[in-house]
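Undergrad:
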Amino acid sequence: MSGEKDRLAKAILLEHFGPIVQKVAGGLLERGRSTLVVLVRRLELSAKQVRECLFILIQHNMVTYAESAEGSRMVVYYQININAILLRDRFPLYMKAVRQKCGEESQRMFTEILRHGRANYPLLAANAQGPGMTRDQIADVFKALLDARVVVECRPQDSVTAEDQLMSEEAAEVARRGGLPLTATEMTKLRRELALKRDQYDDGVETGSKRKVVLDLEEITNKKVAVNEDPEQDPDKYYRANFAKLHVFLRNEAIARLAERRMNASAGEVVRKLLSASEHKMRDCGTEAKSEPVSQIMLSSILDPNIPLPVDGRPPGFSGTLDYLESLMQDDLKLVTKESEGGGGQFSVNLKQAAIELKARMMESVVQEKFGDAARRIWRILLLMQKLNETQVNKFALVPLKTARHCLYAMHNAGLAFIQDVPKTLDHSAARTFFLWYVSIPKSTTQLAQSAYHALANLKRRRATEIEARALLIEKMSRTDIIEGDAQLSESEAAAVENLNRVVDQLVGSEIRMAEMLMVLEEF
Amino acid sequence: MSKRASKQAQAALTTEEQTLLAIVKAHPKGVDIEDIKIQLDGWNDNDILTHMNQLSSKQYVDFMTLGKTGKLAFKARSAEEASKTGGMKDEERVIYRLVKEAKNSGIWIKQLKDRSGLHTQLANTVIKNLEKKNIIKWVKPVKTPHKKVYMLFELDPSTELTGGAWYTDNEMDMDFIEQLSTQVYKYIVMKSFPQKVKDAIYPPSHSAYPSASDIHKFISKSGLTTVPLGVPDVQALLDRLYYDGKVTRILKTGARGGDPDRMDTDFDDDEDEDEFDDDFRDGGERVRDLDKGDVWMYKAVKGSALEERNAWTEVPCGRCPVREFCKEGGPVNPSNCRYFKDWLAAS
Chain G
1108 MSGEKDRLAK AILLEHFGPI VQKVAGGLLE RGRSTLVVLV RRLELSAKQV RECLFILIQH
1168 NMVTYAESAE GSRMVVYYQI NINAILLRDR FPLYMKAVRQ KCGEESQRMF TEILRHGRAN
1228 YPLLAANAQG PGMTRDQIAD VFKALLDARV VVECRPQDSV TAEDQLMSEE AAEVARRGGL
1288 PLTATEMTKL RRELALKRDQ YDDGVETGSK RKVVLDLEEI TNKKVAVNED PEQDPDKYYR
1348 ANFAKLHVFL RNEAIARLAE RRMNASAGEV VRKLLSASEH KMRDCGTEAK SEPVSQIMLS
1408 SILDPNIPLP VDGRPPGFSG TLDYLESLMQ DDLKLVTKES EGGGGQFSVN LKQAAIELKA
1468 RMMESVVQEK FGDAARRIWR ILLLMQKLNE TQVNKFALVP LKTARHCLYA MHNAGLAFIQ
1528 DVPKTLDHSA ARTFFLWYVS IPKSTTQLAQ SAYHALANLK RRRATEIEAR ALLIEKMSRT
1588 DIIEGDAQLS ESEAAAVENL NRVVDQLVGS EIRMAEMLMV LEEF
Chain V
30 MSKRASKQAQ AALTTEEQTL LAIVKAHPKG VDIEDIKIQL DGWNDNDILT HMNQLSSKQY
90 VDFMTLGKTG KLAFKARSAE EASKTGGMKD EERVIYRLVK EAKNSGIWIK QLKDRSGLHT
150 QLANTVIKNL EKKNIIKWVK PVKTPHKKVY MLFELDPSTE LTGGAWYTDN EMDMDFIEQL
210 STQVYKYIVM KSFPQKVKDA IYPPSHSAYP SASDIHKFIS KSGLTTVPLG VPDVQALLDR
270 LYYDGKVTRI LKTGARGGDP DRMDTDFDDD EDEDEFDDDF RDGGERVRDL DKGDVWMYKA
330 VKGSALEERN AWTEVPCGRC PVREFCKEGG PVNPSNCRYF KDWLAAS
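Protein chains in written order, with our numbering: chain G, 1108 to 1631; chain V, 30 to 376.
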């Protein structure tokens, strides 16, 4: 896995930051946590270059550092976070999500944040100013981003490696308790307490900088001298994108689309609004198993009035909300569950189930495309029935035994179906063993992600190759006389340019779709 | 022995033999010597056995063992059978009896030879003779087409052997199944969405979705097929659509309970060493499905037809046959990959 991931990460870095940053990041990826000296020696770059690369990587939230005392000197260790690199491929998706949530102007500002990694308000205001926008409008656009929590304030700790933060917190706590080594049980208890504390603190940050509790003196002094009456516009405050929140938005939208495909646009709207009611409380995709319950009456009031909820046989003017909610409950996907009867019924969305369903549908589609209809049926049968032997599979799927066996082994090779052996005797003889087939979504997710990383890196490599092969042409295109129209490309060159554009578009399009697929597999 | 000879034999029954035969005939499931003794005063074991041997040699009575005790018992033969087997030689009779016992599931030729205790050569001729006289016949079971299985000429092979309605000439008729399920699916789609308002849904309490027996009626009326299909066959077809994700099932209101989420997966846990046991077990499952009755209504699922394509299988890497060898700098690599070349040239 990590091999494919590393390869993809390096390809992304090369594309976004060029060869030198890629080399430094590559050194960190291969070697793990290192000091500057080690990196310089290993990479054969000058100390200045390495330091500047590290600066860039820290600025873009990919590298964290930790200071640790070794004897009398302080040594700084740098560590790279591979997931922060891999998600750079999904920037177009994030930008689209921001546009849907906060509007076009906000998206432009968000793009600036992505471009700079971390940015303060004056920089954003200067760069994101559209034609004829007033200062207030810009402030509003920025506030929309903060309110949606797709942008959060950077804290000094953000640049410190998480593991080191943990260790230093622990050490401080141990020292506070007298400095004697703790027993294992005490240590577990301590760790749990610290985790709880951290959670609460994170909550504080999540609620936006405005309502944040002032934690240290430095901040208070800053506030006193601040010229801006609005604390968000303080030039000393830097902001970064909050990808966990964006994943929540993207996942919720994917769930709504699932309902839409399954039933109709109205059902999609019902699920969307059901989720949006508690969206502001979701911090990331892993925490909640269910969305917060919303009453049917409450839901009716927030639904988009432009989308009707048609139900057969109901009089005109009848609110179809309850019918839709109950139909969604009845559906096989079990997206919606009823939590209690109060307020005309309290309903919530089963997020965990929905995430599994999203992955399952993706795998189903992979199975179908690769191995055909019969294999897809068999895969679904195994998903529904858990563990079956070959003859049962062929019976249920109504396909010849030979086909069933063929499909099963093909899926097994692709990591989409697995065998569990149940020996009847102690000697584990194959003749006296049941071989039961099953599918496992978590297992297949890992397999599929691996393949997807490989494919995505290949797509990138191919795109680079295609562009390299036309380097001369591209060089010619960017000549001033061509741009100004003094000289023209020959007919064959024009055709080659068109072809190159088409090929690159096709590859980029596929890359984004692959990145989206990986997001579903890894983040939801 | 010719037919005439057997008639003479029949005529030649003594009074004692006739009395004895009447008693045996009164017990169609077989009678043992103790029971006979109760009904015949003054007869001893020896008398009974002597006369019984006579009857047996004249083809009126069969010997059998009763239950697990292995007690000797007697059973009368029908007149028709007596006349059929009357003219047989002893070895023919042995084979005939074994084939008859196997009923419509048949007996494998190897087992037939082993159990008859006859020499292979002799057994072969006897079997051939009986076949020629249209007394027995052989069939090929679908599961094990290489095994010859024998049964009485007048019997229809069981569904275990023929595979049921889905088999034509010992092969699963995939085209037939495919076409029939398409028709059934169309029928369900028609019943699943309201016609009047576009894009509307039926309320969740709607109960006019078709059930298995509704669909069975539809198939029989429509004349889609000349093959007679039972409700269990239709059920299998519906299950197939359900596993395809094309239809979903809804518990019929008022039907007897059961968790609608769970499928009926509780198999009997008998040891099933060979395939034949498996078959019987699955057969039993099918019967259970049947007596579940019309618990389920079937409803078509939207969105199963318009496939959500996934990104991976669309790019060449998702369908690559040499993916295992693909490595940058290796002989198979993305830069000079011909699958990529074809893909990029195609669109």
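For each residue, glycine too, the CB sits at the ideal point set by N, CA and C.
1. Excluding the five sequence neighbours on either side, which residues of its own chain have a C-beta within less than 6 Å of the C-beta of D311(V), listed in chain order?
2. By the 10 Å Cβ neighbour count, where 16 or more other Cβ atoms means buried, how is N75(V) classified, buried or exposed?
3. Can you pull the chain G residues whose beta carbon is under 8 Å from the beta carbon of A265(V), in chain order?
4. Would V1147(G) and L1161(G) be called neighbours here (beta carbons separated by less than 7 Å)?
5. Note down, in chain order, each residue of its chain lying with its Cβ closer than 8 Å to the Cβ of I1165(G), except the 5 sequence neighbours on either side.
6. DSSP three-state label for E1177(G), please.
7. Does DSSP put N163(V) in a helix, in a strand, or in coil?
8. Going by DSSP, what residues sit across from C355(V) in a beta bridge?
9. When the distance is taken between beta carbons, is D61(V) closer than 7 Å to K100(V)?
10. Could you give the DSSP three-state label for S86(V): helix, strand or coil?
11. Would you identify the three-state DSSP class for N1188(G), choosing helix, strand or coil?
12. Mind reading off the beta-carbon distance from K1466(G) to T1553(G)? Whole number of angstroms is fine, and I expect it under 8 Å.
13. Is DSSP giving A111(V) helix, strand or coil here?
14. Tell me, which residues are paired with M93(V) by DSSP?
15. Report the neighbours of H1561(G) on chain V: residues whose CB is nearer than 9 Å to its CB, in chain order.
16. I1119(G) and D1196(G): beta carbons closer than 7 Å?
17. Against chain V, with Cβ distances strictly below 7 Å, would E1433(G) count as a contact?
18. Assuming Y1185(G) and S1175(G) form a contact by the criterion Cβ under 8 Å, report the distance between their Cβ atoms to the nearest whole angstrom.
19. Which residues in chain V sit within 7 Å of G1420(G), going by Cβ to Cβ distance?
20. In angstroms, rounded to a whole number, what distance separates the CA positions of F1631(G) and R1358(G)?
21. Please classify T277(V) as buried or exposed, where buried requires at least 16 neighbouring CB atoms within 10 angstroms.
22. Using only the alpha-carbon positions, how far apart do A241(V) and Y216(V) sit?
23. Using a Cβ-Cβ cut-off of 8 Å (strictly less than) and excluding sequence neighbours within five positions of E45(V), which residues of its own chain qualify?
24. Compare the beta carbon distance of V1205(G) and V1145(G) with 7 Å and say whether it is the shorter of the two.
25. Closer than 7 Å by beta-carbon distance: list the chain V residues that pair up with T1572(G), in chain order.
26. Relative to the C-alpha of Q212(V), which candidate in I52(V), D185(V), I165(V) and K275(V) has its C-alpha closest?
27. Residues of the stretch 251-282 of chain V with a CB closer than 8 Å to any CB of chain G: list them in chain order, please.
28. Hey, Y196(V) and L141(V): beta-carbon distance below 7 Å or not?
29. Which one of V123(V), K172(V), K169(V) and A131(V) has the shortest CA to CA distance from N153(V)?
30. Among all the DSSP beta bridges, which residues are the ones paired with T1171(G)?
31. Mind reading off the beta-carbon distance from V53(V) to K129(V)? Whole number of angstroms is fine, and I expect it under 8 Å.
32. Who does V1259(G) pair with in a DSSP beta bridge?
33. Flag L1508(G) as yes when its Cβ comes closer than 6 Å to any non-hydrogen atom of the ligand ADP, and as no otherwise.
34. Measure the C-alpha to C-alpha separation of T1241(G) and R352(V) and round it to an integer number of angstroms.
35. Report buried or exposed for Q1403(G), applying the criterion of at least 16 other Cβ atoms within 10 angstroms of its Cβ.
36. How do the stretch 355-375 of chain V and the stretch 1495-1503 of chain G stand: do at least 3 beta-carbon pairs fall below 8 Å, yes or no?
TA: With the given structure in hand:
1. Confidence at D311(V) is low in this model, with a pLDDT of 42, below 50, so its placement is unreliable and no value can be given for it.
2. Burial call: exposed.
3. The contacting residues are L1505.
4. No, the pair does not count as a contact, with Cβ atoms beyond the cut-off.
5. If you ignore the 5 residues before and after I1165(G), its C-beta comes within less than 8 Å of the C-beta of T1171, Y1172 and S1266, all in its own chain and listed in chain order.
6. Here E1177(G) sits in strand by DSSP.
7. Coil, per DSSP.
8. DSSP, once it has assigned bridges, lists V361(V) as partnering C355(V).
9. Taking 7 Å as the cut-off, the Cβ atoms of K100(V) and D61(V) count as close.
10. Looking at S86(V) - three-state DSSP - the assignment turns out to be helix.
11. Coil, per DSSP.
12. With 8 Å as the limit, K1466(G) and T1553(G) do not qualify as a contact, their Cβ atoms being about 11 Å apart.
13. A111(V) carries a helical assignment under DSSP once its states are collapsed to helix, strand and coil.
14. DSSP output for M93(V) lists A102(V) as bridge partner(s).
15. Neighbours of H1561(G) on chain V, chain order: C346, R352 and C355.
16. Between I1119(G) and D1196(G), the CB-CB gap stays under 7 Å.
17. With 7 Å as the cut-off, E1433(G) counts as an interface residue toward chain V.
18. No, Y1185(G) and S1175(G) are not in contact; Cβ-Cβ is about 12 Å, not under 8 Å.
19. What G1420(G) touches in chain V: P232.
20. Cα-Cα distance, rounded: 6 Å.
21. Here T277(V) is buried: its Cβ has 16 or more other Cβ atoms, across all protein chains shown, within 10 Å.
22. Put simply, the backbone Cα of A241(V) is about 12 Å away from that of Y216(V).
23. Excluding the 5 residues flanking it on each side, E45(V) has same chain C-beta neighbours closer than 8 Å at D76 and H80, in chain order.
24. Cβ atoms of V1205(G) and V1145(G): not closer than 7 Å.
25. The answer, in chain order, is S364.
26. Nearest option by C-alpha distance: K275(V).
27. When C-beta distances to chain G are compared with 8 Å, the residues of the stretch 251-282 of chain V below that value are A265, L266, D268, R269, Y272, D273, G274, T277 and I279, in chain order.
28. It is not a contact, given that the beta carbons lie outside the stated cut-off.
29. Answer by Cα proximity: V123(V).
30. Answer is Q1186(G), bridged to T1171(G).
31. The C-beta distance from V53(V) to K129(V) rounds to 18 Å, too long to fall under 8 Å, and the pair is not in contact.
32. Paired residues: R1347(G).
33. The ligand ADP is absent from the structure shown, which contains no ligand whatsoever.
34. The alpha-carbon atoms of T1241(G) and R352(V) are separated by roughly 55 Å.
35. Answer is buried; the Cβ neighbour count reaches 16.
36. In short, these stretches do not touch, since the Cβ pair count stays below three.
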